[in-house]
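Student: Using the numbering used here, you'd call the opening residue of the sequence shown number 13 and step up by one each time. Here you go, one structure.
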Amino acid sequence: MYQAPRGTQDILPEDIPYFLHVEATARRLAALFGYREVRTPTFEDSGLFRKGTGETTDIVEKEMYSFTDKGKSDITLRPEATPSIMRAYLQHGLHSRPQPQRLFQLLNCFRYDRPQAGRWREFRQLDIEAIGEEDAAVDAELITLFWHFCGALGLNELSLQLNSIGDPVCRPDYLEALRSHYSSHQEELCGDCRRRLAANPLRLLDCKVPTCQPIADAAPAFIDHLCDDCRSHFELLLTLLKAEGITPSINPRLVRGLDYYTRTVFELYPPKVGQQAALGGGGRYDGLAEILGGRHTPGVGFAAGIERLVLNLKAQDIEVPPMSEALAFVAHVGDAPEAAAAANEFTRHLRARGVAALRAVGQRSIRARLRHADAADVRWTVFIGDEEIRSGTVSLRDMTQPEPLDLPVGEAIERIVNGAWERNGV
Ligand code: AMP
13 MYQAPRGTQD ILPEDIPYFL HVEATARRLA ALFGYREVRT PTFEDSGLFR
63 KGTGETTDIV EKEMYSFTDK GKSDITLRPE ATPSIMRAYL QHGLHSRPQP
113 QRLFQLLNCF RYDRPQAGRW REFRQLDIEA IGEEDAAVDA ELITLFWHFC
163 GALGLNELSL QLNSIGDPVC RPDYLEALRS HYSSHQEELC GDCRRRLAAN
213 PLRLLDCKVP TCQPIADAAP AFIDHLCDDC RSHFELLLTL LKAEGITPSI
263 NPRLVRGLDY YTRTVFELYP PKVGQQAALG GGGRYDGLAE ILGGRHTPGV
313 GFAAGIERLV LNLKAQDIEV PPMSEALAFV AHVGDAPEAA AAANEFTRHL
363 RARGVAALRA VGQRSIRARL RHADAADVRW TVFIGDEEIR SGTVSLRDMT
413 QPEPLDLPVG EAIERIVNGA WERNGV
């Protein structure tokens, strides 16, 4: 028998309320801050991610689902949203609209990663971006939005890790200092770090190999090497976050895995921090538009993992709004076509009045029908057999009452509709 591919999951009906709740809350908070929804394609030209996400990132080196399609185009299933949204911004000339363009997307992403708790090969993200403005006020706004989004879900006691990784003015000097620190420890470095030292020295700082930890901890911190503009950007961000009541921990080793970040980088963690625990992260990417061949366009954004948020809601026993379930279960009894037709008509009346109704199908015993009604957790059951057809009634059971009642069809419908009103305001 086929199984879902490794690293993917089926989300069954009982888990859907969690996903809907996270997505609805995301849309509500995004709207509250003036962000508008976009939807970009599930796949893009591979070059968009190779250039945008960056050749030396784990995503591009190891994790992309890339293939050549029948038209010989080199295609990649999106591993993240930022390059796609920036491409859309540039392609549609959104710079001619008021800046920044505040955009968000709920999307599925694909990464050929090693599956483990909270790490999937297909997963979902909320991605929020503000493109076209370099003011630190936008960085603060996005972090505040992320913070309130988690709060609105009931996820509190968050910890915000923050760092600045400078810009093209101050980065060369910092990288020089970093290289010189690491060069004096070359012998002790893991294989990956030896490669990073040449190819992508910033990534040295987020190595997880135990023997590299003391070297990374002793490395120079970027915030001590920022140029004046980057320093005042960072200080303004700290002031604005403070005014929002958000106290970040400055983490000099936070660089994030992607090549395009400049200045602000951040991650948000729930109270129990584990290796895979970040709810999401993001940062500023003032150079990305030019990397993609566009004009200079600053931007800042973050992505939150929907599955991670759901895991945390469950771990903290946070209740989410239930789905509206069927209220009435309508069954015919016996194999007379009149009973089936009457049950169909009864069901049609209920649905026309806005009452969700489950129509029993096939031939089953009354006991089996009752088990089904019980499992569906309905409020009313309606049975229609030969006897009811003859007398123009139905057998209506209100599950909160001990006995069923024989009622004329019209009266039974009114009872259910009125009961549904009281319960749901239907
Ligand atoms: P990233 O773009 O890697 O910073 O990811 C942003 C957020 O997306 C992470 O903090 C996670 O919450 C989520 N995420 C990233 N990769 C995965 C994955 N493989 N499976 C599930 N969630 C993920």
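All C-beta atoms, glycine included, are put in the ideal place defined by N, C-alpha and C. Note that this is a predicted model, so its numbers are computed, not measured.
Report whether the distance from the Cβ of residue 346 to the nearest heavy atom of the ligand AMP is below 6 Å.
Tutor: no
Student: Taking the continuous beta strand (DSSP E) assigned at residue 143, which residues delimit it?
Tutor: Residues 134-143.
Student: So the candidates are 144, 217, 273; which of them puts its Cα closest to the Cα of residue 310?
Tutor: 144
Student: Is residue 123 near the ligand GTP, going by C-beta to nearest heavy atom under 6 Å?
Tutor: By its list of ligands, the structure shown excludes the ligand GTP, since it contains just the ligand AMP.
Student: Considering only residues of the segment 260-288, which uninterrupted beta strand (DSSP E) runs meet the minimum length of 3 residues and lie entirely inside it, listed in chain order?
Tutor: 274-281
Student: According to DSSP, which residues form a beta bridge with residue 55?
Tutor: 89
Student: Considering only the alpha carbon of each residue, which of 238, 51, 345, 270 lies closest to residue 218?
Tutor: 270
Student: Can you round the beta-carbon distance between residue 174 and residue 262 to whole angstroms, since I take them to be within the 8 Å contact cut?
Tutor: 6 Å
Student: May I ask you to report which of helix, strand or coil DSSP gives residue 117?
Tutor: DSSP, read as helix, strand or coil, puts residue 117 in strand.
Student: Residue 371 and residue 359: beta carbons closer than 7 Å?
Tutor: yes
Student: Classify residue 24 as buried or exposed, calling it buried when 16 or more other Cβ atoms lie within 10 Å of its own Cβ.
Tutor: Taking every protein chain shown into account, the CB of residue 24 has fewer than 16 other CB atoms within 10 angstroms, so this residue is exposed.
Student: Grab the span of the alpha helix (DSSP H) containing residue 241 for me, first residue to last.
Tutor: Counting along the chain, the alpha helix (DSSP H) containing residue 241 begins and ends at 240-255.
Student: Cutting at 6 Å between CB atoms, please list the residues of its own chain near residue 344, excluding the five before and the five after it.
Tutor: 351, 352, 355, 396
Student: Quick one: is residue 320 buried, meaning 16 or more other Cβ sit within 10 Å of its Cβ, or exposed?
Tutor: buried
Student: Please report the Cβ distance between residue 207 and residue 198, rounded to the nearest whole angstrom; I am assuming they are in contact, meaning their Cβ atoms lie under 8 Å.
Tutor: Actually they do not touch by this definition, with Cβ atoms about 12 Å apart.
Student: Whole angstroms are fine: how far does the CA of residue 386 sit from the CA of residue 215?
Tutor: 56 Å
Student: Taking DSSP as the reference, what is the three-state secondary structure of residue 331?
Tutor: coil
Student: Hey, out of 52, 105, 51, 84, whose CA is closest to residue 307's CA?
Tutor: It is 105 whose Cα lies nearest to the Cα of residue 307.
Student: What span of residues does the beta strand (DSSP E) with residue 396 cover, start to end?
Tutor: 392-396
Student: Just the C-alpha distance for residue 167 and residue 48, rounded to the nearest angstrom, thanks.
Tutor: 24 Å
Student: Any heavy atom of the ligand AMP inside 6 Å of the beta-carbon of residue 319?
Tutor: yes
Student: May I ask you to check if the CB of residue 131 is nearer than 6 Å to at least one heavy atom of the ligand AMP?
Tutor: yes
Student: If you measure between the beta carbons of residue 142 and residue 114, is that distance less than 7 Å?
Tutor: A contact, by the Cβ cut-off of 7 Å.
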